[in-house]
Amino acid sequence: MSDAEQPTDDHGPGTESDDEFEPIQVFPEAEDMDLRPGADNCYKCSTCDTNCPVAEVDDEFPGPKFQGPEQWRLKRQEDQDIDDSVMKCSNCMRCDSACPSEVPLSQMHNTARGEYVEENMSKLSREYWRNRMLANYRTLAPLGAMFPRTANFVTGLSVTKWLGEKVMGITSERELPEFATETFREWWTKRGGAQVENPDKRIAYFHGCYANYNTPEVAKALVGVYEHFGYEVMVPDQSCSGTPMFANGMLEDARRAAETNVSELAAAIDEGADIIASCSSCSMSIRQEYPELFDFEGTEDVASNTWDAVEYLRVHEDLEAALADAAVDGDRFEDFAYHAPCHARNQGLDGQTVELLELIDGVDAHDVGDSCSGISGTYGWKEENYETSMKIGEEMFEHMEHADAEQGLTECPTCSMQMGHGTGYEITHTLEVLAAALLESDAPSSAD
Amino acid sequence: MAIEDDVLVIGGGIAGSMAALSAAEHADRVRLVTYKQSTLRSASGLIDVLGYTPDGTGPLADPFDALEELPDSHPYQRVGTDAVREALDLFDDIAGDAYAGGHTETNALVPTHGGTVKPTARYPAATAAGLASDDRDTLLVGFETLPDFDAPLAAAHLEAAGVPFDTRGVTVSFPGIERDDAKVTRYAHLLERNESISMGGSTTGAREALVSIVDAHLEDESRVGFPAILGDEHADEVRASLADALGVDVFEVPMGPPSLPGMRLEDLLYDALGDAGVRVTSGVPVIDYETANSATSETASDAVAADGGSDRETPDDGDGERIDRVIVDRNGTMIPHHAEQYVLATGGLIGKGVRSERADESETDATGVVFEPIFDCHVPHATDRYDWFVEDAFGEQPFARFGLETDQELRPLQADGTLEFVNLRAAGAVLGGYDFAAEKSGAGVSLATGYVAGKQAGTQVGEEAGK
Ligand SMILES: Cc1cc2nc3c(=O)[nH]c(=O)nc-3n(C[C@H](O)[C@H](O)[C@H](O)COP(=O)(O)OP(=O)(O)OC[C@H]3O[C@@H](n4cnc5c(N)ncnc54)[C@H](O)[C@@H]3O)c2cc1C
Ligand code: SF4
Ligand code: SF4
Numbered sequence: 001m002s003d004a005e006q007p008t009d010d011h012g013p014g015t016e017s018d019d020e021f022e023p024i025q026v027f028p029e030a031e032d033m034d035l036r037p038g039a040d041n042c043y044k045c046s047t048c049d050t051n052c053p054v055a056e057v058d059d060e061f062p063g064p065k066f067q068g069p070e071q072w073r074l075k076r077q078e079d080q081d082i083d084d085s086v087m088k089c090s091n092c093m094r095c096d097s098a099c100p101s102e103v104p105l106s107q108m109h110n111t112a113r114g115e116y117v118e119e120n121m122s123k124l125s126r127e128y129w130r131n132r133m134l135a136n137y138r139t140l141a142p143l144g145a146m147f148p149r150t151a152n153f154v155t156g157l158s159v160t161k162w163l164g165e166k167v168m169g170i171t172s173e174r175e176l177p178e179f180a181t182e183t184f185r186e187w188w189t190k191r192g193g194a195q196v197e198n199p200d201k202r203i204a205y206f207h208g209c210y211a212n213y214n215t216p217e218v219a220k221a222l223v224g225v226y227e228h229f230g231y232e233v234m235v236p237d238q239s240c241s242g243t244p245m246f247a248n249g250m251l252e253d254a255r256r257a258a259e260t261n262v263s264e265l266a267a268a269i270d271e272g273a274d275i276i277a278s279c280s281s282c283s284m285s286i287r288q289e290y291p292e293l294f295d296f297e298g299t300e301d302v303a304s305n306t307w308d309a310v311e312y313l314r315v316h317e318d319l320e321a322a323l324a325d326a327a328v329d330g331d332r333f334e335d336f337a338y339h340a341p342c343h344a345r346n347q348g349l350d351g352q353t354v355e356l357l358e359l360i361d362g363v364d365a366h367d368v369g370d371s372c373s374g375i376s377g378t379y380g381w382k383e384e385n386y387e388t389s390m391k392i393g394e395e396m397f398e399h400m401e402h403a404d405a406e407q408g409l410t411e412c413p414t415c416s417m418q419m420g421h422g423t424g425y426e427i428t429h430t431l432e433v434l435a436a437a438l439l440e441s442d443a444p445s446s447a448d
Numbered sequence: 449m450a451i452e453d454d455v456l457v458i459g460g461g462i463a464g465s466m467a468a469l470s471a472a473e474h475a476d477r478v479r480l481v482t483y484k485q486s487t488l489r490s491a492s493g494l495i496d497v498l499g500y501t502p503d504g505t506g507p508l509a510d511p512f513d514a515l516e517e518l519p520d521s522h523p524y525q526r527v528g529t530d531a532v533r534e535a536l537d538l539f540d541d542i543a544g545d546a547y548a549g550g551h552t553e554t555n556a557l558v559p560t561h562g563g564t565v566k567p568t569a570r571y572p573a574a575t576a577a578g579l580a581s582d583d584r585d586t587l588l589v590g591f592e593t594l595p596d597f598d599a600p601l602a603a604a605h606l607e608a609a610g611v612p613f614d615t616r617g618v619t620v621s622f623p624g625i626e627r628d629d630a631k632v633t634r635y636a637h638l639l640e641r642n643e644s645i646s647m648g649g650s651t652t653g654a655r656e657a658l659v660s661i662v663d664a665h666l667e668d669e670s671r672v673g674f675p676a677i678l679g680d681e682h683a684d685e686v687r688a689s690l691a692d693a694l695g696v697d698v699f700e701v702p703m704g705p706p707s708l709p710g711m712r713l714e715d716l717l718y719d720a721l722g723d724a725g726v727r728v729t730s731g732v733p734v735i736d737y738e739t740a741n742s743a744t745s746e747t748a749s750d751a752v753a754a755d756g757g758s759d760r761e762t763p764d765d766g767d768g769e770r771i772d773r774v775i776v777d778r779n780g781t782m783i784p785h786h787a788e789q790y791v792l793a794t795g796g797l798i799g800k801g802v803r804s805e806r807a808d809e810s811e812t813d814a815t816g817v818v819f820e821p822i823f824d825c826h827v828p829h830a831t832d833r834y835d836w837f838v839e840d841a842f843g844e845q846p847f848a849r850f851g852l853e854t855d856q857e858l859r860p861l862q863a864d865g866t867l868e869f870v871n872l873r874a875a876g877a878v879l880g881g882y883d884f885a886a887e888k889s890g891a892g893v894s895l896a897t898g899y900v901a902g903k904q905a906g907t908q909v910g911e912e913a914g915k
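Residue numbers (the numbering used here), protein chains in the order written: chain A, 1 to 448; chain B, 449 to 915.
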């Protein structure tokens, strides 16, 4: 490819705050991070390995124990390169919550991946560019969003898919996500911003890329639900959460995105807001990965004031009582096959949806179990991972088909693609159901 | 506001699951909050009640006889023998066909992967055909890529231990696995899904391939034992289909960590929690608490670091303080959880429910502290760290008994014998006064104390609401 002049372009993807960026900065904290004490905590029980969905289906993948503590130990003893198998890890972070000995596995993997990409991967390789493109979805999305119909048409063409696979290594098996005809931010501006003002109850919404460009209905549902409870919603400027960048070892890109987010969100906190996310990978990233990998001013503060959208209402409002009085009309939502995303599981949020939906008259969510969907963000988009991704997902597909429901429910945009891809079901976000229950019971005409 | 429940159980191992299940029989809203995965995933999946007495006598044929003789400080003595029986009854209800052993009070003798014979009270159905008291001749099959189970050696050990049958071991290669360090879940997955693998130029299902390999070694044995990797969610089906094809009984030999039988037991307990309507929050730790009269407390570990962990402010009255809420750390955000009653089932030194550290930064300082990190409950221990161990690795290790002291209702006690909190109970490995590894009593103590703590907590909610 002839775009090789791009690689070290500091004004590359994701930089909204180019002027603040110092070109020589190469994530020093993550690089210098001393993870050996963490490695020493490992007593080789292999619990992490038995939780790794990739190792379960791929005999070639040595698993989290090797990627984490063993690799870090080896590195200390010899001048050893990071093993290329680290790129097979999907960053689902299941190993993290498995380890009984508090070994910081995902932090080790993120750091190792960063080092591998920086030192061992050719910046001219197709793989590097493909990964960089996938990781920086955020910078491509505005283009698609500008001409959504054309973009949807073009990405749907078989020749585009063929090109994607042959030239870029993006699997042709998948439907690229459709762009909404109006982004959430466009809608927000047109609407005139917040409809409720309330200096005592304020939240700043971190919508992430997907809810903005692809599923604005999720973001609108969040606004509706929060305004219903009297919150003033702020929508600060933001960049990608960084999740796809961590997963691809693009720590430098992630760092830039994180810096923007931390400063914008810290400013919102100063204005009395708490940070709310509707995507579990976004909240995971802000709460856990930022403080693990970066230390911009305010990182810790932003992390500790970030909440999952539903969790926040549970703690600050009597959500249960509100839902107990609510019902969803008609047959739009009845029974769901619910999949808890790995990144929700890691935050202890996996039981929440089922608990709450049980309260709503006429709606039920059947948990399809604790298997991983297998797509893990950009992972399942790569030609070489597609098969593994579908093998991992098989258990979830089966459970979905056996569940008493014909619709799917989840909080993660990429899990939702995989669920739809594997079963053909329509997939909804929990917030959409809450919005239907709370708003439509209130004022039956408000649905658009 | 906080997340509201009647009973909140902290810790999701055997003790916590059992506590939540027994609490749910008496209270409506029961929640279990657990952090990392429990030691169940490393444990064998066997339910040991008591295999040896604290002075090493054993293996015991009847654990119940010996329970009566245990020292007063032992958790079994706190709850009483009847409670141990009731807890096992509840476990039998929950486990249904998945476990055997409930027909008798005596211990069963189960061959282990090392070729020893272990006395245990309940064992997975997958292990049932392998009991050492059964006199049928046995073939043990190990795999080259799974060095933890050396079948010929295990067979030799079993014969040396005097089992009443002939036993032979062979080592074969597992169809479809190349790596030496393949995950046990990978073996299970291959068999469970009967994935196609290529063998000798043609492709065949993993089960058929395994059967053909093993069949070639089978002589006149009427049962075959494999390491415990025969499937995960549909282990029964895998075992039955292998048995069918081989024309003999098939059983699993419990393995060391990581252990599929332990994982299956975990699944069984979590399914039961779901059926009982217990809300489960996992992946996040409880890190702190607030009492009714303290708006915020210092985190227990801060307090420990600052004052050596010895004392906390004394309770307002003789009855002890009341916990109002605990704080769950969700990846950085602090979420309050309120309940009427709490059960602490956070495990021992391995599960991290009890922790130890140097009292002093300096390398030469011998003093250390042992503490319970959430509530800073009193943990008796010697100040000198060198008194925590004895030289003899197989000797009686004081640290193995580290844990909380409680009253008869399993409420933790302070150093002076008064209650730590009126609405807190403790269960499982977080308790002191027993050495599960030496006695072979791990799962049994967790079941019995979990059962009692949960029942007390659940009925207490009912009573207080009734007042
Ligand atoms: C390698 C090994 C083999 C064993 N083999 C056997 C055997 O063959 N038979 C037998 O009977 N027993 C066996 N045991 C012992 C038995 O497994 C344990 O004694 C028993 O399971 C302890 O259960 P528990 O529920 O008390 O604690 P654990 O299983 O340790 O569970 C404690 C749980 O609490 C959670 N937790 C800790 N801190 C917090 C917090 N702050 N907030 C929220 N959650 C928290 C932990 O993450 C964990 O999930 C074995 C143990 C080990 C380690
Ligand atoms: S993050 Fe997920 S895929 Fe990666 S090693 Fe851990 S468990 Fe395996
Ligand atoms: S779970 Fe933790 S202690 Fe066990 S092998 Fe993995 S990293 Fe090591």
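A virtual CB, placed ideally from N, CA and C, is assigned to each residue, including glycine.
Query: Whole-angstrom C-beta distance between Leu792(B) and Thr495(B), which should lie under 8 angstroms; Result: Per the sequence shown, residue 495(B) should be read as Ile rather than Thr. About 22 angstroms; that fails the 8 angstroms criterion.
Query: Spatial neighbours of Thr428(A) in its chain, beta-carbon cut-off 6 angstroms, leaving aside the 5 residues before and after; Result: Leu409
Query: Identity of the residues DSSP links to Leu557(B) by a beta bridge; Result: Pro567(B)
Query: Segment contact, 8 angstroms Cβ cut-off, at least three pairs: the segment 50-69 of chain A with the segment 348-355 of chain A; Result: no
Query: Test: Asp455(A) CB closer than 8 angstroms to a CB of chain B; Result: Residue 455(A) cannot be examined here, being either before or after the span of chain A that is shown, 1 to 448.
Query: Cut-off 8 angstroms between Cβ atoms - residues of its own chain near Leu861(B), not counting five sequence neighbours on either side; Result: His826, Leu852, Glu853, Thr854, Asp855, Leu867 and Glu868
Query: Gln347(A), buried or exposed, once every other Cβ within 10 Å from all chains shown has been counted against 16; Result: buried
Query: Interfacial residues, the segment 791-803 of chain B to chain A, with Cβ spacing under 9 angstroms; Result: Gly795, Ile798, Gly799 and Lys800
Query: Exposure label - His402(A); buried when at least 16 CB within 10 Å; Result: exposed
Query: Phe622(B) - DSSP class collapsed to helix/strand/coil; Result: coil
Query: Cβ neighbour criterion (16 or more within 10 Å) applied to Ala322(A); Result: buried
Query: C-alpha distance - Leu721(B) paired with Ala254(A), whole-angstrom precision; Result: 40 angstroms
Query: Enclosing alpha helix (DSSP H) for Tyr500(B) [first to last residue]; Result: Neither: Tyr500(B) is in no alpha helix (DSSP H) and is coded neither H nor E.
Query: Closest by C-alpha distance to Gln407(A), when choosing among Leu439(A), Cys48(A) and Tyr338(A); Result: Tyr338(A)
Query: Under 9 angstroms by beta carbon: chain A residues contacting Glu626(B); Result: Asp59 and Glu60
Query: Neighbour list for Ala630(B) in chain A, Cβ cutoff strictly below 7 angstroms; Result: Asp59
Query: For Met449(B), the three-state DSSP class (helix, strand or coil); Result: coil
Query: Proximity winner among Arg671(B), Lys631(B) and Ala901(B), relative to Ala693(B) (alpha-carbon distances); Result: Arg671(B)
Query: Near-chain A residues of the segment 853-880 of chain B (beta-carbon distance less than 9 angstroms), N- to C-terminal order; Result: none
Query: Contact residues within the segment 97-127 of chain A, judged by C-beta distance below 9 angstroms to chain B; Result: Ser97, Ala98, Cys99, Pro100, Ser101 and Glu102
Query: Best match in Ala676(B), Val696(B) and Tyr790(B) for proximity to Arg489(B) [C-alpha to C-alpha]; Result: Ala676(B)
Query: Buried versus exposed, by CB contacts within 10 Å (16 or more), Ser621(B); Result: exposed
Query: Check your reading: residues with Cβ closer than 7 angstroms to ligand 3 heavy atoms; Result: Asn41(A), Cys42(A), Tyr43(A), Lys44(A), Cys45(A), Ser46(A), Thr47(A), Cys48(A), Asp49(A), Pro64(A), Lys65(A), Gly68(A), Pro69(A), Cys95(A), Ala98(A), Cys99(A), Pro100(A), Ser101(A), Val103(A) and Leu105(A)
Query: Phe206(A), DSSP secondary structure in three states; Result: strand
Query: From Pro559(B), Glu805(B), Ala683(B) and Asp540(B), residue whose alpha carbon lies closest to that of His551(B); Result: Asp540(B)
Query: Integer-rounded CB distance, given that Val315(A) should sit under 8 angstroms from Met449(B); Result: 6 angstroms
Query: Backbone CA spacing between Arg130(A) and Met419(A) [nearest angstrom]; Result: 24 angstroms
Query: Whether Ala875(B) touches Ser889(B) by CB criterion (8 angstroms); Result: no
Query: Contacts of Ser490(B) in chain A (Cβ-Cβ under 7 angstroms); Result: Cys45 and Thr47
Query: Contacts around Pro511(B), its chain only, beta-carbon distance under 7 angstroms, and the 5 residues preceding and following it disregarded; Result: Val497, Leu498, Asn555 and Ala569
Query: Every unbroken beta strand (DSSP E) within the segment 244-292 of chain A, with a cutoff of 3 residues, ordered by chain; Result: 273-277
Query: Asp540(B): first and last residue of the uninterrupted beta strand (DSSP E) it sits in; Result: Premise fails: Asp540(B) lies in the alpha helix (DSSP H), Thr529 to Ala543, not in any beta strand (DSSP E).
Query: Whether Val558(B) touches Tyr547(B) by CB criterion (8 angstroms); Result: no
Query: Short CB-CB distance (under 8 angstroms) between Asp736(B) and chain A; Result: no
Query: Own chain residues within Cβ distance below 6 angstroms of Val478(B), not counting five before or after; Result: Val455, Ala468, Ala471, Ala472 and Val726
Query: Whole-angstrom distance between Glu516(B) and Glu553(B), CA atom to CA atom; Result: 14 angstroms
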